[in-house]
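In UniProt numbering, the protein residues as written are 1 to 239.
Glycine included, C-beta positions come from ideal geometry on N, C-alpha and C.
In C-alpha cells, the structure reads:
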C-alpha cells in the first residue's frame, strides 16, 4: 500500500479528514511570499512539500528527509521538484544550512526513545534561533486515545483489549512493540505513545512557544486528534 493510500488518500474518510485538517493547519504557519526555506523531516512521499510548491514556494527552498526506502521511492524527483534526502548520511551535506521552518509531522510516535533523541539532535543542528520548528504527534492518552482504541477495536485494525482501553483512558500508557527494520527500530502502532514524555524531551533542546490542538486549536489535547508543538531552538543549544 502506498504512502498516499495510508494517509491523505486513505479509503477511510475519517482518516482523509484528519490528514486534510493537519495540512491546512500547517500551511497556515507559512507565508509563501516570504523568503522561507522548509525542511520536512520524515516527509513520506513529499505531499506537504508539494502543497507548499503549489502555493508558490520555490522548489529550491524545499527539502524532504525520508530515510525509509519504500517511502522515499514514492517521492517525485527531477526538475521543479523539492530536494529529497533519502538516508541519514545525506543530512551531512546540509551542514551549515539553517531553515526558516522545520516540520516533523506524525513521525516521532513511531520511534523508540533512542531514535527520538537522534531525530531531535538532527533537527536542532539544522535550526537557528529564528527557525520555527513544528512537531505534530497523535493524542493517544485520555479520552481521545480511548476513543481511538475503541474505533480500532470496532474496525478490527488492531487487537485492542479492554484493559488497554482502560489504561489509555486513565492516562497510563501501555507497553509498545518495537520492530526491527532495515532502516532501524520502528513502532507501527500509535497506541501507548505519551506526548507528555515528548514535551519533556523537547524542553531539553527547544523553547515550546505554543502547544496547539489539531483540528480544534482552542480545545485541549484530551478532545483533539493531534497536538502540535510550536518551538524555537533553546538559547542553551548552539546553532
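Assigned secondary structure, residue i (DSSP; H/G/I helix, E/B strand, else coil)
i	result
residue 43	coil
residue 229	strand
residue 133	strand
residue 87	coil
residue 156	coil
residue 59	helix
residue 138	strand
residue 6	helix
residue 149	helix
residue 235	coil
residue 222	helix
Same chain, Cβ closer than 7 angstroms to residue i, five either side skipped, listed in chain order
i	result
residue 122	91
residue 213	219, 220, 221, 224, 227
residue 74	2, 3, 45
residue 139	145, 195, 221, 224, 225, 226, 227
residue 209	230, 231, 232
Beta-ladder partner(s) of residue i, from DSSP
i	result
residue 180	185
residue 101	38, 132
Range covered by the beta strand (DSSP E) that runs through residue i
i	result
residue 123	Not the beta strand (DSSP E): residue 123 falls in the alpha helix (DSSP H), residues 113-125.
residue 192	Note, residue 192: premise wrong, no beta strand (DSSP E); not H, not E.
residue 30	Residue 30 -> no beta strand (DSSP E), and no H or E assigned at all.
residue 209	206-214
residue 63	62-65
Pick from the options that is closest to residue i, judged by C-alpha positions
i	options	result
residue 133	234, 181, 15	234
residue 69	80, 104, 53, 44	44
residue 56	184, 143, 147, 35	35
residue 109	129, 136, 94	136
residue 46	11, 71, 197	71
residue 66	28, 48, 113, 30	48
residue 78	63, 118, 89	63
residue 106	204, 186, 94, 53	186
residue 190	201, 166, 149	149
residue 39	14, 152, 128, 181	128
Beta-carbon contacts of residue i that lie in its chain and below 6 angstroms, excluding the five residues immediately before and after
i	result
residue 192	173, 174, 176
residue 37	61, 99, 100
residue 116	108
residue 32	55, 56, 57
Close-in-space but distant-in-sequence residues of the same chain around residue i (CB under 8 angstroms, 5 per side omitted)
i	result
residue 27	51, 52, 55
Residue span of the alpha helix (DSSP H) that contains residue i, given as start and end
i	result
residue 69	69-72
Closer than 7 angstroms: residue i CB and nearest the ligand GTP heavy atom
i	result
residue 129	The ligand GTP is absent from the structure shown, which contains no ligands of any kind.
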